[in-house]
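A quick write-up on the structure given underneath.
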Amino acid sequence: MDSECQRGNDVMTENEEPLISLSTVSTKIKVFPYYFKHQIPGSINDCILREGVVSKLLSVANNLPEDHYLVILDGWRSFETQKALYEMIKRQFEAQFDNEAEVLQHLSQFVATPSKDPLIPPPHYTGGAVDLTIGTSNGWLNMGTNFDEFTEKAHSLYFEEKQRLTEEELRIRDNRRLLRSLMESVGFRSNPEEWWHFDYGNARWAEGTSRTVIYFGIEPNFKGEN
């Protein structure tokens, strides 16, 4: 039976889809558990997502050009990992900005506040948020910035809006277009602040639309390798 959460007068239903490992679902999908490889507390040596999200990623992977594959950098994220990232990125912004309000403003753009509240979980804690890029036999496509590079250049449409692109910047624009168009074609919502981040089923996905949240905070039914 589906579980329900109450927000005001609205009843929202969690569909209780399990978390699925992406490690062996397709040769067109490879996992690179970024935070585990960088020894962030609470991270696991895998990338896991809701069953319905995995199904959509399989559709995306199957529609990629020949010799292209998806690289999954992060999926479900534990509360401990979210908290560690929040504190780490907060320190980075504190080193850049003297004004606390400015620090918090930038922080809110790039990392969610850690929470175990089922009504206000960080997007990744729902299993409905994924960070990814595209790779080929020659390596990962150039997307203009590194993963988790929190600058204006990381904004999803930065190269769409920039004037007078160089040839390399045109390639970057087209690489981002490819990722974004394939993800949006199966129902994901892109994050305007981060070219690599996409949501499905969670509050960020439902925000500003008539869609209803179907994924709340969830814990996996297995222990990840730490």
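If you're matching positions, the sequence shown starts at 144 in the numbering used here and goes up one per residue.
By construction, the Cβ of each residue, glycine as well, lies at the ideal position given by its N, Cα and C atoms.
For residue j and residue i, the rounded distance between their alpha carbons
i: residue 205; j: residue 241; result: 47 Å
i: residue 237; j: residue 160; result: 39 Å
i: residue 199; j: residue 329; result: 6 Å
i: residue 225; j: residue 157; result: 21 Å
i: residue 295; j: residue 333; result: 16 Å
i: residue 270; j: residue 343; result: 9 Å
i: residue 195; j: residue 357; result: 11 Å
i: residue 208; j: residue 325; result: 11 Å
i: residue 220; j: residue 162; result: 11 Å
i: residue 288; j: residue 239; result: 19 Å
i: residue 264; j: residue 327; result: 23 Å
i: residue 191; j: residue 313; result: 33 Å
i: residue 331; j: residue 197; result: 12 Å
i: residue 268; j: residue 290; result: 19 Å
i: residue 311; j: residue 193; result: 36 Å
i: residue 244; j: residue 251; result: 11 Å
i: residue 168; j: residue 306; result: 40 Å
Supposed contact pair residue j and residue i - C-beta distance, whole angstroms, cut 8 Å
i: residue 172; j: residue 228; result: That belief does not hold up - the Cβ atoms of residue 172 and residue 228 are roughly 23 Å apart, past 8 Å.
i: residue 273; j: residue 341; result: 6 Å
i: residue 262; j: residue 215; result: Residue 262 to residue 215, Cβ: 27 Å. No contact.
Counted within 10 angstroms of its Cβ, other Cβ atoms place residue i as buried (16 or more) or exposed
i: residue 234; result: exposed
i: residue 88; result: Here the chain comprises residues numbered 144 to 369, so residue 88 is not present and cannot be evaluated.
i: residue 349; result: buried
i: residue 354; result: exposed
i: residue 202; result: exposed
i: residue 335; result: exposed
i: residue 218; result: buried
i: residue 345; result: buried
i: residue 186; result: buried
i: residue 247; result: exposed
Spatial neighbours of residue i in its chain, beta-carbon cut-off 6 Å, leaving aside the 5 residues before and after
i: residue 347; result: 266
i: residue 322; result: 277
i: residue 363; result: 162
i: residue 249; result: 236
i: residue 284; result: 277, 318
Same chain, Cβ closer than 8 Å to residue i, neighbours up to 5 away in sequence not counted
i: residue 212; result: 170, 171, 172, 173, 204, 277, 278, 279
i: residue 351; result: none
i: residue 210; result: 279, 280
i: residue 257; result: 222, 225, 226, 229, 265
Host alpha helix (DSSP H) of residue i (start-end)
i: residue 203; result: 194–205
i: residue 243; result: 243–253
i: residue 173; result: Segment 172–174 is the beta strand (DSSP E) holding residue 173; no alpha helix (DSSP H) there.
i: residue 321; result: 310–328
i: residue 238; result: 222–239
i: residue 346; result: 346–349
i: residue 290; result: Segment: none, residue 290 is in no alpha helix (DSSP H) and carries neither H nor E.
Nonlocal neighbours in the same chain, by C-beta distance under 7 Å from residue i, ignoring five residues either side
i: residue 338; result: 286, 297, 299, 319
i: residue 189; result: 164, 166, 174, 176, 367
i: residue 316; result: 302, 303, 308
i: residue 259; result: 222, 360
i: residue 254; result: 228, 229, 232
Limits of the beta strand (DSSP E) - the one that residue i falls within
i: residue 341; result: 337–342
i: residue 164; result: 162–164
i: residue 212; result: 211–217
i: residue 332; result: 332–334
i: residue 272; result: 272–279
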